[in-house]
Structure formats: structure tokens, C-alpha cells
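Residue numbers (our numbering), protein chains in the order written: chain Z, 1 to 325; chain R, 326 to 650. Even glycine gets a Cβ: it sits at the ideal position worked out from N, Cα and C. Notes follow the structure.
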């Protein structure tokens with residue numbers, strides 16, 4: 001597995017994170033128990049905890065507090081995904097059916113709230129108040145970003161700045177929070193914490209731009225879900241925004257017809273993807289993702305960190321723009 | 326207005342709560358702003374903050390901390406209602422269309438998360454960590470209760486104990502939390518805090534039993550929503566459970582047919598309500614609500630509290646079983 005190159009350095013701590021999460025989801029019988037087992041089966045890549053733990057390491061050691069905070073960050077991420085899948089009416093997540101598709105949107109709403117409130121309760125129970133401040137704020141910003149995204153649904157004249165605002169809020173904010181918490185756990189000074197926060201934001205931007213690009217050109221088997229979910233949900237993302245910027249009025253009108261028509265059948269999807277590629281949308285996204293990854297790498301390069309964390313962080317940043325190809 | 330009899334004692338503090346909530350919802354433009362204005366227009370009775378403030382008063386004064394905590398309790402209640410209305414597919418709330426009916430379930434999910442995360446962020450910002458512990462736990466228990474309720478949908482053989490478990494979790498827990506926080510703000514000892522918590526739970530039970538009864542026999546104009554929402558959502562509540570306990574096998578079969586058939590047209594709704602009344606379901610609920618109200622009154626009677634708070638608390642408890650008649 002490719003991921004082992006960067007997760008190896010914190011493998012033991014990630015196992016503890018998995019154990020924490022497993023314990024939390026093992027609590028209940030009944031419907032909560034059933035849904036919990038499904039959530040556990042849809043195991044993620046644990047990217048946010050990995051970053052947090054890599055930043056937090058000092059002389060090869062990670063505090064228990066950092067491991068717990070990493071688990072809570074992942075729980076918040078899981079709660080967000082459960083609500084997002086219901087909002088987007090997604091059918092698949094990492095190759096498995098989503099909770100909303102197996103059960104209902106009702107179960108998704110409640111389960112998201114259940115996980116979310118537990119994440120905050122865990123932080124309070126362990127007295128992690130600084131982490132709490134950061135994560136409550138991040139959760140608030142994420143929901144604001146989701147609302148912006150919904151508000152700008154099907155808005156084909158969206159600008160790149162508007163797109164960046166959305167991904168900063170809905171995605172980069174939690175990566176930034178994870179890295180900030182990692183830096184605090186490492187015990188670096190205020191400037192260092194702020195720099196690691198910027199690192200997380202840049203990483204999160206590279207991550208989301210790549211994600212949005214692969215929604216057009218990724219391999220479905222690797223992604224564990226179907227391409228085209230953004231267009232189906234009316235999300236106008238950077239590949240399309242960039243391509244439309246290079247299109248004639250006539251081409252714009254044609255693309256508008258395709259996108260607003262909704263149905264991506266009969267060769268229309270291929271036409272859309274070919275348009276985005278021909279008009280430089282793919283190249284622009286690769287460039288922009290690489291740009292933000294370089295920014296992240298450059299920030300990390302200036303900061304103190306364990307040697308093997310440095311190696312692993314470089315790998316994780318490198319990989320964000322290379323995954324799924 | 327009847328409510329003034331018990332809200333009068335903390336009228337100034339409730340205005341501050343309204344101001345806090347107004348400020349929070351006034352923050353944003355765009356879709357968040359629109360939805361926020363709608364939430365503010367659907368102004369509630371502020372029962373939870375009222376109880377918190379009445380308990381918190383000492384020699385006529387309420388601390389700023391208590392006022393802030395009361396505002397946050399109401400925000401958590403508002404977030405819960407937004408998600409609940411979407412889960413129940415409710416169309417009306419306090420005489421106004423619900424967010425899910427005006428916008429969509431998607432907007433409801435995000436808006437609930439937005440309010441909820443802000444509530445927790447406010448607590449952290451003001452260093453209210455003890456309150457945070459209580460409220461994160463209450464929120465977690467509430468979502469568990471919602472899941473139980475969903476799991477037991479349409480289960481006509483539900484027992485009274487199962488019903489009590491659900492209402493304790495989904496409703497009484499937040500009333501208990503509000504009263505516990507009020508007692509902490511008043512500075513009473515541990516036993517006193519635990520007793521006020523029990524007071525809140527008993528009050529919450531009386532409140533929910535009455536609410537569930539009035540879903541069958543209340544006046545729609547007073548409730549601000551249509552009767553029958555529980556049956557439509559498959560919620561088997563105490564009036565029905567109690568009536569079924571006194572029914573013959575044949576009567577049970579007939580009621581099962583009506584309830585599971587879903588459609589409450591052509592006199593079936595009237596038949597159901599007449600059955601519940603004839604089989605003692607109405608009387609039993611009135612008795613049980615009165616029993617829990619008496620328990621609450623008896624607990625409060627033993628505790629130290631300001632003289633006009635005592636009067637107001639007696640009024641609020643008295644009223645929970647008398648409202649909407």
C-alpha cells in the first residue's frame with residue numbers, strides 16, 4: 001500500500017486511534033449499533049489524524065492527548081461525511097453503500113448528530129479545551145461552507161475566488177485544525193502553531209482541488225464511488241470554472257445546456273469531460289493542486305519536526321496530487 | 326399572556342437571551358442569513374432558558390454566565406428542532422412553515438449543524454467548560470433518543486417503559502441539563518445540583534407526555550401545527566400505548582389497521598381519537614403528566630430558591646399540564 005510510506009511513522013498511534021474509534025462505535029445495540037458497525041466498515045484513510053500525529057511527534061513520541069485529539073478529529077470528519085452523503089444523496093462511499101442509501105436520510109441526520117456530539121463530549125471529558133475551541137470553530141466554518149456550496153448550486157458563472165472560499169471552509173478548515181492541534185501537542189510556539197495551521201490549509205486546498213478534478217477523470221474503482229457526483233449535485237468546481245474561462249460564448253451555452261439538463265447520458269458526460277480537458281481545466285487543476293502542495297511543503301520545510309515525520313509529511317504532500325492516477 | 330406569570334421574574338434576562346440569539350442569527354448574508362431570519366421569526370416560548378434563569382437567580386440577580394448559558398441551551402434546542410422537523414417531515418412549527426418545507430432537507434441538515442456548532446463554540450469562547458460537559462452529553466443523549474424513536478417506529482406493542490426511555494432521552498435530558506446549569510450558576514452544593522437536575526427531568530416528562538397527548542386532542546390554532554403528527558411519523562406514544570393496554574384483541578387489530586394504514590382520512594382519525602379517549606388513554610396521560618409535575622413541584626419545594634422564582638417555578642410546573650386547553 002502506498003499510504004504506508006507516510007503512515008508508517010505513526011502506525012502505532014494510528015492503531016490507537018482506530019481502537020478509540022472502534023470502542024466508541026462498539027457501544028450500542030439496536031439501530032445505533034447496526035449503523036455504527038456500518039460506519040466502522042467504511043474505514044477511511046485517516047488522513048487528518050495522520051497529519052495531526054506526524055506534526056505532534058517529538059523525538060519519536062506522541063502524547064496520549066494528541067492520540068485522543070486525533071481520534072476526535074476523525075470522528076468529526078465521519079459525522080460530516082454522514083451528513084454530506086445525505087445532503088448530496090450519495091449512494092456509495094469507499095465502495096460501500098452510504099447510510100442514507102441503506103437506511104434513510106433520517107437515520108443519517110441522527111447518526112451524524114450522535115457522532116458529532118460524542119466527539120465534543122470526549123474532548124470535554126478529557127479536558128481538551130484548547131482543542132475544543134479549535135474544533136467547534138472548524139465545525140462551524142465547515143457547515144457555513146456547506147451552506148455556501150448549496151447556495152451556489154448550479155451557478156455556472158461562479159468564480160475561482162468563490163470556489164476557493166467554499167473549499168477553504170468546507171475542507172481545508174478541518175485539515176488546518178488538525179495540524180494546529182498537532183503543533184500544540186508538539187509544544188511549538190505561537191508562530192509555529194500558526195505556520196502549521198497554514199500548512200494544513202494549503203494541504204487541504206491541494207486535497208480538495210485534486211478530489212474535484214478526479215470527480216471528472218478519476219478511476220471509479222480507486223475512488224470507491226461513481227464519477228460525476230459534483231455535476232449531479234449541481235456543484236460547480238474548479239475544473240469546470242477554469243474550462244469555462246477559456247470558452248467562447250457558444251461553447252458556454254452548450255455546456256450550460258448539458259449541465260443544467262442534469263442527465264449525463266448519451267455521450268453528454270464524455271462531451272463535458274472532453275470539453276474540460278480541451279479547455280485546459282484538467283491542466284489548470286493539476287497546476288493549482290501542485291501549487292498548494294508546494295506551498296505546504298515549503299511551510300513544513302521551514303519548521304522543526306522529527307526527521308521521519310519530515311520524510312512522511314513530504315510523502316503525504318507529494319501524494320495528494322498523485323493519488324488515484 | 327399566561328406565560329408572563331412565570332417569565333416575569335426573569336423578563337430582563339430573557340430579553341438578554343433574545344438579544345444574544347438575535348445577534349448570533351444576524352451574522353450572515355446569503356442563504357444562511359435568509360434561513361436565520363426565518364429561525365428568528367419562529368420564536369419559541371424560551372422554556373428551557375426560563376427554567377435555567379429562575380433556578381439560577383440569587384437575591385434577585387442572575388450572573389452573565391447564566392444568561393449566556395441560557396442562550397446556548399436555547400440554541401441547542403433550536404438546532405435540534407431544525408433537524409427534528411426534517412426527520413419528521415413536519416410542515417409547520419409554531420404556525421410558520423418549517424425550514425425543510427420552505428427550503429429543503431439539505432438546508433435543514435446544514436443549518437442545524439451550523440447552529441449546533443456555534444452553540445458549542447460560544448461555550449468554549451466564554452470558558453464555560455462545566456456547562457459544555459453537561460450540554461455535549463445532553464446533545465448526545467438526545468440524538469440517541471431520536472434514534473430509539475426511529476427504531477421503534479410503528480411498533481404498536483411498545484411498552485410504557487420504552488416510551489419513558491425515549492422521552493427521557495430526547496426531551497427530559499435537555500430540561501435536566503438546563504436546570505443543572507441553573508443550579509450551578511446559583512452556586513448550590515452537589516446534592517442541590519443533582520436535585521435540580523431531577524426537577525428538570527420530571528418537568529420534561531410532564532411536558533412531553535402533555536405534548537404527546539395534545540397531538541391527539543389539542544387545539545391546532547394554539548399548537549401552531551396540525552394534530553396527528555406523531556401517528557403520521559409512526560411514533561407510538563403514551564395515549565395510544567395506554568389505550569391499547571385496555572383494548573380487546575379485536576379492538577387492537579382494528580387500531581393496528583388504522584395506524585399502519587397511514588391515511589387518517591374518512592373518519593379514521595376521529596375513530597382513533599375516540600378509541601384513545603374511551604379506553605382511558607387521555608385520562609391516563611393527564612394523570613401521568615400531573616404525577617410528574619407533582620414530583621417536580623415537590624423537589625423544588627424542598628430546595629432553596631428566591632421567593633419570586635419559587636412562585637414562578639410553581640406556575641411553570643402548574644402550567645405544563647394545563648397549557649393548550
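- Here residue 421 of chain R is bridged, per DSSP, to R:418.
- If only uninterrupted alpha helix (DSSP H) runs of at least 4 residues are considered, those enclosed by the segment 551-632 of chain R are 554-557, 563-570, 574-586, 593-603 and 606-626.
- Between the segment 602-616 of chain R and the segment 525-538 of chain R there are three or more C-beta pairs closer than 8 Å, enough to call the two in contact.
- The three-state secondary structure of residue 57 of chain Z, taken from DSSP, is coil.
- When the alpha-carbon of residue 303 of chain Z is set against those of Z:222, Z:74, Z:135 and Z:186, the nearest one is in Z:186.
- Between residue 369 of chain R and the set R:537, R:420 and R:602, the nearest pair of CA atoms involves R:420.
- No Cβ-Cβ contact shorter than 8 Å links residue 178 of chain Z with residue 310 of chain Z.
- Our two residues, residue 120 of chain Z and residue 234 of chain Z, have alpha carbons roughly 32 Å apart in a direct line.
- Against residue 30 of chain Z, the close residues of chain R are 472, 473 and 476, in the order they occur along the chain (beta-carbon pairs closer than 8 Å).
- Here the C-alpha atom of residue 549 of chain R lies approximately 18 Å from the C-alpha atom of residue 402 of chain R.
- When Cβ pairs closer than 8 Å are counted between the two stretches, the segment 439-458 of chain R is seen to touch the segment 398-413 of chain R, the count reaching three or more.
- Take residue 35 of chain Z, set aside five residues on each side of it, and the residues of its chain with a beta-carbon closer than 7 Å to its own are 99, 103, 107 and 111, in chain order.
- Inter-residue distance for residue 294 of chain Z and residue 343 of chain R is about 48 Å (C-alpha atoms, whole angstroms).
- With a threshold of 8 Å between beta carbons, residue 105 of chain Z makes contact with chain R.
- In this structure residue 210 of chain Z is buried. Its beta-carbon is surrounded by 16 or more other beta-carbon atoms within 10 angstroms.
- Listed along chain R, the residues sitting closer than 8 Å to residue 133 of chain Z by beta-carbon distance are 446, 449 and 450.
- The Cβ atoms of residue 387 of chain R and residue 338 of chain R sit closer than 8 Å to each other.
- Neighbours of residue 118 of chain Z across chain R, judged by C-beta separation under 7 Å: 465.
- Judged by DSSP in its simplified three-state form, residue 505 of chain R adopts helix.
- One Cα belongs to residue 64 of chain Z, the other to residue 57 of chain Z, and the distance between them is close to 11 Å.
- Interface with chain R (8 Å Cβ-Cβ cutoff): residue 191 of chain Z is excluded.
- Residues 495 of the same chain have their beta carbon placed closer than 6 Å to that of residue 471 of chain R, with the five preceding and five following residues left out of the count.
- Pairing residue 346 of chain R with residue 608 of chain R, the inter-Cα distance amounts to about 38 Å.
- Here residue 514 of chain R carries a coil assignment [DSSP, helix/strand/coil].
- Counting only residues of its own chain and dropping the five nearest sequence neighbours on each side, residue 393 of chain R has a CB closer than 6 Å to the CB of 451.
- Listed in chain order, the non-local C-beta contacts of residue 385 of chain R below 7 Å within the same chain comprise 631, local neighbours out to five positions each way being set aside.
- Within a 10 Å sphere around the beta-carbon of residue 267 of chain Z sit fewer than 16 other beta-carbons, which makes this residue exposed.
- Here the alpha carbon of residue 405 of chain R sits roughly 15 Å from the alpha carbon of residue 417 of chain R.
- In the structure shown, residue 483 of chain R adopts coil according to DSSP, grouped into three states.
- By the beta-carbon neighbour count (other beta carbons within 10 angstroms, threshold 16), residue 155 of chain Z is exposed.
- Residues 508 and 628 of the same chain have their beta carbon placed closer than 7 Å to that of residue 517 of chain R, with the five preceding and five following residues left out of the count.
- Using a Cβ-Cβ cut-off of 8 Å, residue 502 of chain R does not count as an interface residue toward chain Z, since no Cβ of chain Z sits closer than that to its own.
- Spanning the alpha carbons of residue 138 of chain Z and residue 109 of chain Z requires a straight line of approximately 19 Å.
- Spatial neighbours of residue 633 of chain R in its own chain (CB-CB distance under 6 Å, excluding positions within 5 residues in sequence) are listed in chain order as 334.
- A distance below 8 Å between beta-carbons, with the five flanking residues on each side excluded, links residue 32 of chain Z to the following residues of its chain, in chain order: 111 and 114.
- Taking a beta-carbon distance threshold of 8 Å, residue 230 of chain Z does not count as an interface residue toward chain R.
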